[in-house]
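Structure record follows, encoded as structure tokens.
Numbering (this note's numbering), first residue to last: 22 to 327.
Next up, the structure:
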């Protein structure tokens, strides 16, 4: 989507403030030189060195691992992210993937291509158990959209004592996590990639899951052990997988995951929505108003701990 749409959305929300859009590296260095509040997808260190007055960087992505966070911390720059902006669209993506496997639309699509009028068995989502790993904005959006379907939900988060929107909340410890997997029909991964979640869904997890279970990954590719996933699919340890993210990514043309009929692959596309800049501008404009009124003491939404 043209970045001009983001700038226009900010201008609509901030009529009393000047919003400058830098379209070239030279314009970027010139504009950032005296800017206190900056928003964008990336912030390279060479550009950061030009930003002598920078106080806030509003990252237009939910993830901030690509930013020079250590240098920003040294400069006492406040960083915010786009957390929550993806909730509705990724929530819909997850529900769509679950319904695809529940009603086996992929089987129907194959038979349509072959012009075969031949019945096939389908399932019901009602009464299923859906385990959602990660109860941030995306996990909550998934849970909200599943509520009308009459499913039981299990949430997995770092601090289970905080509770959540799911029927049950557990932590990442092996015993409760694997006990939940044994009851799971649909495993939704919506967590950040951390040392705890890297390789979380490994061979032991696939062996523990019911053979009728489906894995839906909208988190990051390395949350799933790819070799273990391939083995699980080849051995019929699970019913299928919906992968919006993979490891490696992009998925190489020769990778075996492309060839499974029970694997749905989308190219890291769950985050796409025509409403992205509108939702992002709501958050960033509100933070800009707070910063203009209160300065460095302002309480900003989606602040990232550095």
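Idealized CB from N, CA, C, for every residue including glycine.
For residue i: DSSP bridge partner residues
i           : result
residue 324 : 101
residue 61  : 80
residue 173 : 150
residue 17  : Outside the modelled stretch of the chain, which goes from 22 to 327, sits residue 17, for which no answer is possible.
residue 285 : 263
residue 209 : 153, 237
residue 245 : 222
Residue span of the beta strand (DSSP E) that contains residue i, given as start and end
i           : result
residue 316 : It is not in any beta strand (DSSP E) - residue 316 carries neither H nor E in the DSSP assignment.
Beta-carbon spacing of residue i, residue j below 8 Å
i           : j           : result
residue 157 : residue 176 : no
residue 19  : residue 56  : Residue 19 is absent from the structure shown; the chain starts at 22 and stops at 327.
residue 221 : residue 236 : no
residue 302 : residue 41  : no
residue 152 : residue 208 : yes
residue 324 : residue 101 : yes
residue 265 : residue 246 : no
residue 238 : residue 278 : no
residue 62  : residue 79  : no
residue 259 : residue 234 : yes
residue 172 : residue 150 : yes
residue 71  : residue 54  : yes
As assigned by DSSP and simplified to three states, the class of residue i
i           : result
residue 189 : strand
residue 298 : helix
residue 184 : coil
residue 141 : coil
residue 90  : helix
residue 40  : coil
residue 280 : helix
residue 238 : strand
residue 27  : helix
residue 67  : helix
residue 74  : coil
residue 127 : helix
residue 269 : coil
residue 135 : coil
residue 292 : coil
residue 56  : coil
residue 50  : helix
N-terminal and C-terminal residue of the alpha helix (DSSP H) that residue i is part of
i           : result
residue 228 : 224-229
residue 262 : Where residue 262 is concerned, there is no enclosing alpha helix (DSSP H), although the beta strand (DSSP E) it sits in stretches over 261-264.
residue 110 : 108-124
residue 197 : 195-202
residue 232 : Segment: none, residue 232 is in no alpha helix (DSSP H) and carries neither H nor E.
residue 166 : 158-167
**Request:** Inspect the CB distances between the stretch 250-262 and the stretch 275-283 and report whether three or more fall short of 8 Å.
**Result:** Yes: the two stretches touch, three or more of their Cβ pairs being nearer than 8 Å.
**Message:** Count Cβ pairs between the stretch 228-239 and the stretch 166-185 that sit closer than 8 Å; are there 3 or more?
**Reply:** No, the stretch 228-239 does not touch the stretch 166-185.
**Item:** the stretch 141-158 contacting the stretch 185-192, beta-carbon criterion three pairs below 8 Å
**Value:** Proximity of the stretch 141-158 to the stretch 185-192 meets the contact definition, three or more beta-carbon pairs being nearer than 8 Å.
**Request:** Determine contact between the stretch 81-93 and the stretch 262-279, defined as no fewer than three beta-carbon pairs at a distance below 8 Å.
**Result:** Fewer than three beta-carbon pairs drawn from the stretch 81-93 and the stretch 262-279 are found closer than 8 Å, and the two stretches are therefore not classed as touching.
**Item:** Contact between the stretch 313-321 and the stretch 289-302 (3+ Cβ pairs under 8 Å)
**Value:** By the criterion of at least three beta-carbon pairs nearer than 8 Å, the stretch 313-321 is not in contact with the stretch 289-302.
**Request:** Mind the definition here: the stretch 103-120 touches the stretch 133-142 only if three or more C-beta pairs lie below 8 Å; say whether that holds.
**Result:** Between the stretch 103-120 and the stretch 133-142, the count of C-beta pairs closer than 8 Å stays below three; the two stretches do not touch.
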